[in-house]
């Protein structure tokens, strides 16, 4: 039923059910009676109005139920059963295994890159270290002071400054990008009056890198919107050293380059010595963990463990996720800077979540289920629905004010029902992201337990990233499903604070101590 049809139908029903008010005829039994009283007329009119209002209410309820069913049908595509999540987990494990093996590594979508981080901090490392953190549109420089503490044996103090990376540096040349990074370092050293010091530097570089040593790594490919030419296939630390040398106004000793997941794991290890997994759920999504050396065929040696950077964001590039990707996922992928790549990350990462919701809203609009079938030009614009809106909408207290304000800022004047539908759309997309992410982590942890031949595994996961930290329900949904999929594991989660930079500095401290 459409609203227009409803109005016609309820008018007809009102006519049928109205009480007739006629003059008495001569042969009527009550012919001598006075004409119908005002009270009788008003009573009849009241009955008519009551009937009309009741039918109107019923029709509106039926219309809302029909609308709800159609909305549910569209949003139910995002629901994943436990069996489907187990299937995702098993597929992830297969690709992880292929990535570790020398003969299948090149074809594997999950590259399982060795990091050359073999040692975890002992807590006795001391000194001043500089840390750089490049993983998205913001770049951070940190001064990390590692000292001794009577109670805990160590203490870590940090000072940092955030710099925004211009679009032309992200998509220009490698020289432009690394010259800008060197300029930021110089500015930071000036601000803290330490330009005269030659400090050990740890570089958190959150892109796929094939390490040849702790301080040497070849960039395999850019992700997260970066396209700086001349960087792929080159040693990232070398590019940084060259940029510092071109400036000539300070000196740095670059001793370690690590992924942000590795830095997060090491940083959290200082808090909990059972932390052997690091994970980021922010602009992108990735994980690392301590793997048994005998399975890491890309590196010689069988003794001990090495931290492996999974680079699981690329999972799906061999078709492993085709039966889970929806029409919205395909549109997001096709309009991205790297179509066909990072498909798992595009289901989860904050860079894509807002746009996925916008595409769902446009589908609902086009089906006549939202905003009376009309959308503003702004809502029709790619990228207009930011991921922070998803968190804010799901944080709404129930009065819908926050949802209304966000939609109004996008040029839409929503009804209460519209606000509720938008809330459901956000919830559907973010819940699928949490569950997909949980399936990946469960695959990692179950594999660790099997590799160590343990009936039960007690493990801690260090986590960082804006989606994990800022979304009101992501953590809860994510933790719940991870634990459901790992019945023989006892898992704790630590939220990392300044993990990316601090972890890089701590790895540098370990390297300096061993060196």
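Numbering (UniProt numbering), first residue to last: 1 to 515.
Just so you know, even glycine gets a beta-carbon here, dropped at the ideal spot from N, CA and C.
All of these numbers come straight from a predicted model, not from anything done at the bench.
By Cβ distance, which residues of its chain are closer than 7 Å to residue i, with the 5 residues on each side in sequence left out?
{"i": "residue 75", "result": "424, 425 and 428"}
{"i": "residue 26", "result": "Confidence at residue 26 is low in this model, with a pLDDT of 41, below 50, so the placement of that residue is unreliable and no value is reported for it."}
{"i": "residue 465", "result": "280, 281 and 282"}
{"i": "residue 301", "result": "293"}
{"i": "residue 496", "result": "264, 267, 268, 462, 463 and 464"}
{"i": "residue 102", "result": "297 and 298"}
{"i": "residue 189", "result": "195 and 250"}
{"i": "residue 247", "result": "182 and 186"}
Quick one: using the 10 Å Cβ neighbour count with 16 as the cut-off for buried, is residue i buried or exposed?
{"i": "residue 340", "result": "exposed"}
{"i": "residue 49", "result": "For residue 49, the predicted model reports a pLDDT of 48, less than 50, meaning its position is unreliable and no value from the coordinates is stated."}
{"i": "residue 85", "result": "buried"}
{"i": "residue 486", "result": "buried"}
{"i": "residue 516", "result": "Residue 516 lies beyond the range of the chain shown here (1 to 515); nothing can be said about it."}
{"i": "residue 294", "result": "exposed"}
{"i": "residue 503", "result": "buried"}
{"i": "residue 584", "result": "Outside the modelled stretch of the chain, which goes from 1 to 515, sits residue 584, for which no answer is possible."}
{"i": "residue 460", "result": "buried"}
{"i": "residue 405", "result": "exposed"}
{"i": "residue 468", "result": "buried"}
{"i": "residue 107", "result": "exposed"}
{"i": "residue 142", "result": "buried"}
{"i": "residue 471", "result": "buried"}
{"i": "residue 214", "result": "buried"}
{"i": "residue 387", "result": "buried"}
{"i": "residue 435", "result": "buried"}
{"i": "residue 458", "result": "exposed"}
{"i": "residue 413", "result": "exposed"}
{"i": "residue 430", "result": "buried"}
{"i": "residue 454", "result": "exposed"}
Which partner residues does residue i have in the DSSP bridge list?
{"i": "residue 411", "result": "Beta-bridge pairing links residue 411 to no other residue."}
{"i": "residue 140", "result": "133 and 162"}
{"i": "residue 309", "result": "113 and 288"}
{"i": "residue 463", "result": "279 and 495"}
{"i": "residue 127", "result": "146"}
{"i": "residue 256", "result": "202"}
{"i": "residue 81", "result": "Residue 81 pairs with nothing; no bridge assigned."}
{"i": "residue 173", "result": "229"}
What is the DSSP secondary structure of residue i, counted as helix, strand or coil?
{"i": "residue 263", "result": "helix"}
{"i": "residue 451", "result": "helix"}
{"i": "residue 203", "result": "strand"}
{"i": "residue 269", "result": "helix"}
{"i": "residue 229", "result": "strand"}
{"i": "residue 157", "result": "strand"}
{"i": "residue 296", "result": "coil"}
{"i": "residue 365", "result": "helix"}
{"i": "residue 490", "result": "strand"}
{"i": "residue 219", "result": "strand"}
{"i": "residue 198", "result": "coil"}
{"i": "residue 416", "result": "helix"}
{"i": "residue 388", "result": "helix"}
{"i": "residue 235", "result": "strand"}
{"i": "residue 210", "result": "strand"}
{"i": "residue 458", "result": "strand"}
{"i": "residue 104", "result": "coil"}
{"i": "residue 397", "result": "coil"}
{"i": "residue 183", "result": "helix"}
{"i": "residue 337", "result": "coil"}
{"i": "residue 375", "result": "coil"}
{"i": "residue 318", "result": "coil"}
{"i": "residue 431", "result": "helix"}
{"i": "residue 476", "result": "helix"}
{"i": "residue 72", "result": "helix"}
{"i": "residue 192", "result": "coil"}
Quick one: what's got a C-beta closer than 6 Å to residue i's C-beta in the same chain, skipping five residues either side?
{"i": "residue 299", "result": "114"}
{"i": "residue 140", "result": "133, 160, 162 and 501"}
{"i": "residue 440", "result": "92 and 312"}
{"i": "residue 271", "result": "494"}
{"i": "residue 358", "result": "385"}
{"i": "residue 71", "result": "369 and 421"}
{"i": "residue 326", "result": "77"}
{"i": "residue 498", "result": "158"}
Output needed for residue i: all residues of its chain with C-beta closer than 8 Å, excluding positions within five of it in sequence on either side, in chain order.
{"i": "residue 306", "result": "114, 115, 116, 117, 118, 290, 291, 293, 296 and 299"}
At a cut-off of 7 Å, is residue i close to the ligand GDP when judged by its beta-carbon and the heavy atoms of the ligand?
{"i": "residue 493", "result": "The ligand content of the structure shown is nil, which means the ligand GDP is not present either."}
| query | Taking contact to mean at least 3 C-beta pairs separated by less than 8 Å, is the region 280 to 289 in contact with the region 251 to 267? | reply | yes
| At least 3 beta-carbon pairs within less than 8 Å: the region 476 to 483 vs the region 254 to 263 | no
| said: Can you confirm whether the region 161 to 173 touches the region 498 to 509 when touching is taken to mean that 3 or more C-beta pairs between the two stretches lie within less than 8 Å? | reply: no
| query | Are there three or more Cβ pairs, one per stretch, closer than 8 Å when the region 173 to 188 is compared with the region 242 to 250? | reply | yes
| Between the region 312 to 328 and the region 340 to 359, do three or more beta carbon pairs fall short of 8 Å? | yes
| message | Does the region 85 to 105 come into contact with the region 438 to 454, if we say contact requires no fewer than three beta-carbon pairs (one atom in each stretch) closer than 8 Å? | response | yes
| request: Taking 8 Å as the threshold, find out whether the region 366 to 375 comes into contact with the region 387 to 396 through three or more Cβ pairs. | output: no
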